[in-house]
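Report on the structure given below.
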Amino acid sequence: MTVQDRLVRIEKSLSLSGWISPGDVRFLLDAVADLRENISPSKLLLPSLPPSQPPETFDLPSPEWFISEDSNDSEGKRWHVNQSVERIYQALDGGEFHLYYQPKVNMRLGKVVGLEALIRWEHPEFGLIPPLSFLPQIEESSLIIDIGEWVLDKALHQIDQWQQMGQLIPVSINLSVNHLTHRAFLIRLKDALSRYPDLPPHLIDIEIVESVAIGDLKAMSQLMVECQQMGVTFSIDDFGTGYSSLRYLKRLPSNTLKIDQSFVLGLLHDSGDMELIKAVIALAQVFHRSVIAEGVESPEAGVVLMWLGCDLAQGFCISRALPGEEVMDWVGNYKPDPSWALWSGVKFDLTDVPLLLAQYDHSVWVSRIIDQIQHSQSGLYAIGMEDYAICRFGRWYSEDGRIKYGDFEGFVEIGKLHEEMHLVAEKALVFLNSGRWDEATLYGEKLVALKETLFSGLANILSAIRLSHA
């Protein structure tokens, strides 16, 4: 805008500040780490430092911790606890770092196929801190190499222990590009492997984070070939989100592509994410790479991934990252989701995905409405399921579903139930928004009962379709 013939730019800014007790910080960090893919945080300004105190040695006094978005981060979504490089050195020397292991499974076969080693900082005051809260700060320092070598040695030691227990499970480790391109990396890798002569090198898989640029692709390719000749394998992590995905795929002889969790988390809600996943899987097939999906958080996502051609997965639906001492018990007791075995052998038309996801969609939708009723929250609406004819299942039912399965027993009935559900939900929200809590509660109960009846009908239709495809 112009003020007195001068151009003035107005920007919006919101700042929040507060005191957080040491006992509460760990919960804040966990929440930030879990939500980092789903939020767009504002940048928080850190206090100015005196010229005599360079940023890399600045250590905020407890309990004044600042959480900020790293403005230099290419993804723009990495968060970190502002700790000095010196303090992270102390953590490494003091044994404050630990490895946790997240299982990878073959959903179609129902088998555990590997683990990903994930570093955690067990801070004596602030509890368990995730890697994105401190690793970005040391990416350009030699400390990232020291930590990488610590991760490699700890992972090898743990694999060796499991081997002595009769279990051979491959483990993926995340190493920085700056570590991999260090002139002594190959020598140190051979030295680390030599300390465990009875351990097959193919049990180590190195994940290259695609969000970090690789300067000399030819040199990196040669390094990977030499490591692969030793038996070590490579995966490209976060594929599709970072630097020159197609160039990396073409120039780097990786064994596996890891579909970034941001795509997988949106799989059930965003058709664009589904198309991107299909494209990554197609590329993996063309270039003879295996493919694994990160961030699988529901059985339905797993079924859709199998239909798309991706059988390997990891995520909270399968297991969170576990301490090493808990892994073998988990592996021995692992049972895959029943729906994966149920649908793994079925050649399913992807146009029928809305039918598979109907229970998921309507379960989430009804839960939101019931939660609003129970908390007497007026003025709200259940987002994303506005009308029975235009919700995802409703569109499928009146178009592809009617054409392909209209003569199936029970098909007409589920359409009527679906329509009634939406009408009852609409009345419940009308009562809720007018403050008529008793009527809203009554219609909420009707909605839950209709949901269960609809789900029973959907199960029968799905069973009939499954038999017809068998």
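Sequential numbering from 12 applies to the sequence shown in the working numbering. Heads up, the beta-carbon is just placed ideally off N, CA and C, and yes, glycines get one too.
Other residues of its chain near residue i: CB distance less than 8 Å, five sequence neighbours each side excluded
i, result
"MET235", "PHE245, LEU263, PRO264, SER265"
"TRP341", "PRO114, SER330, LEU333"
"LEU319", "MET285, ILE288, LYS289, ILE292, LEU361"
"SER350", "PRO310, GLU311, GLY313, VAL314"
"PHE419", "ILE472, ALA475, ILE476"
"PHE404", "PRO365, LEU366, LEU368, ALA369, ASP372, HIS373, HIS429"
"ALA352", "GLY121"
"PRO135", "GLU107"
"VAL116", "LYS122, VAL123, VAL124, LEU323, ALA324, GLN325, ILE329, TYR345, PRO347"
"ASP171", "TYR207, ASP209, LEU210"
Option nearest residue i by Cα separation, candidates the options
i, options, result
"LEU294", "ASP284, VAL275, LEU260", "LEU260"
"GLU463", "HIS429, ASP449, GLU450", "HIS429"
"GLU201", "GLU437, CYS238, LYS346", "Note that residue 201 is Lys in the sequence shown, not Glu. Among GLU437, CYS238, LYS346, the Cα nearest to that of LYS201 is on CYS238."
"ALA495", "GLY125, TYR371, ARG194", "No answer is possible for residue 495: it lies beyond the span of the chain, which begins at 12 and ends at 481."
"PHE137", "TYR111, ASP411, ALA102", "ALA102"
"ASP449", "GLN385, MET176, PRO135", "GLN385"
"GLY426", "ALA369, GLU456, LEU440", "ALA369"
"VAL357", "VAL220, LEU316, GLU337, LEU179", "LEU316"
"ILE247", "CYS328, ALA203, TRP173, GLU305", "GLU305"
"SER187", "ILE381, PRO181, SER152, ASP398", "SER152"
"LEU110", "ILE215, SER256, LEU453, GLY335", "GLY335"
"GLU150", "LEU469, GLN240, ALA224", "ALA224"
"GLY106", "GLU456, VAL162, ASN189, LEU279", "VAL162"
"ASP322", "MET339, LEU279, ILE270, SER282", "ILE270"
"VAL435", "LEU179, LYS457, ILE414, ILE215", "LYS457"
"GLN240", "HIS299, LEU197, LEU179", "LEU197"
"GLU437", "CYS328, ARG447, ASP398, SER282", "ASP398"
"ASP216", "PRO181, THR452, LEU143, ALA400", "PRO181"
"TYR408", "CYS328, GLY455, LEU469", "LEU469"
"GLU218", "ASN185, LEU210, ALA195, VAL338", "ASN185"
"VAL123", "LYS346, ASP171, VAL220, ASP249", "LYS346"
"VAL220", "PRO208, ASN189, ALA195, VAL441", "ASN189"
"GLY177", "ALA195, LEU210, HIS193, ILE156", "LEU210"
"HIS280", "PRO142, CYS402, ASP157", "CYS402"
Other residues of its chain near residue i: CB distance less than 7 Å, five sequence neighbours each side excluded
i, result
"LEU154", "VAL96, ILE99, TYR100"
"PHE327", "GLU308"
"THR452", "ILE384"
Exposed unless 16 or more other CB atoms sit within 10 angstroms - verdict on residue i
i, result
"GLU311", "buried"
"LEU129", "buried"
"ARG206", "exposed"
"GLY277", "buried"
"ASN344", "exposed"
"ILE140", "buried"
"SER183", "buried"
"MET432", "buried"
"SER467", "exposed"
"LEU443", "buried"
"ALA460", "exposed"
"GLN233", "exposed"
"MET118", "buried"
"GLN169", "buried"
"PRO72", "Any reading at PRO72 must be qualified, since the residue scores a pLDDT of 33, below 50, and its modelled position is unreliable; the value itself is stated next. Looking at its Cβ environment, which holds fewer than 16 other Cβ atoms inside 10 Å, PRO72 is exposed."
"LEU179", "exposed"
"GLU160", "buried"
"ALA400", "exposed"
"ALA230", "exposed"
"LEU465", "buried"
"GLY455", "buried"
"ARG300", "buried"
"ALA439", "buried"
DSSP beta-bridge partners of residue i
i, result
"ALA304", "ILE270, ALA324"
"TYR112", "ALA128, LEU333"
"THR244", "ASP216"
"LEU139", "GLU133"
"PHE250", "ILE270"
"VAL162", "Its beta-bridge partners do not exist; DSSP assigns none."
"VAL182", "LEU126, ILE215"
"ASN344", "Paired residues: none, contrary to the question."
"ASN117", "LYS122, LEU323"
Residues near residue i in its chain [Cβ-Cβ closer than 6 Å; skip 5 each side]
i, result
"LEU228", "ARG262"
"LEU478", "none"
"TYR416", "PHE422"
"SER445", "none"
"LEU204", "PRO212"
"LEU56", "Note that LEU56 scores 34 on pLDDT, short of 50, meaning its location in the model is unreliable; the coordinates nonetheless yield the value given after this. Contacts found: none."
Expected contact under 8 Å - CB spacing of residue i and residue j to nearest Å
i, j, result
"PHE274", "GLY251", "7 Å"
"GLN325", "VAL307", "7 Å"
"ASP411", "ASP363", "7 Å"
"VAL302", "LEU268", "5 Å"
"VAL441", "TYR112", "With 8 Å as the limit, VAL441 and TYR112 do not qualify as a contact, their Cβ atoms being about 50 Å apart."
Residue i CB to nearest heavy atom of the ligand NAP below 7 Å
i, result
"ILE180", "The ligand NAP is not among the ligands present in this structure, which contains no ligands whatsoever."
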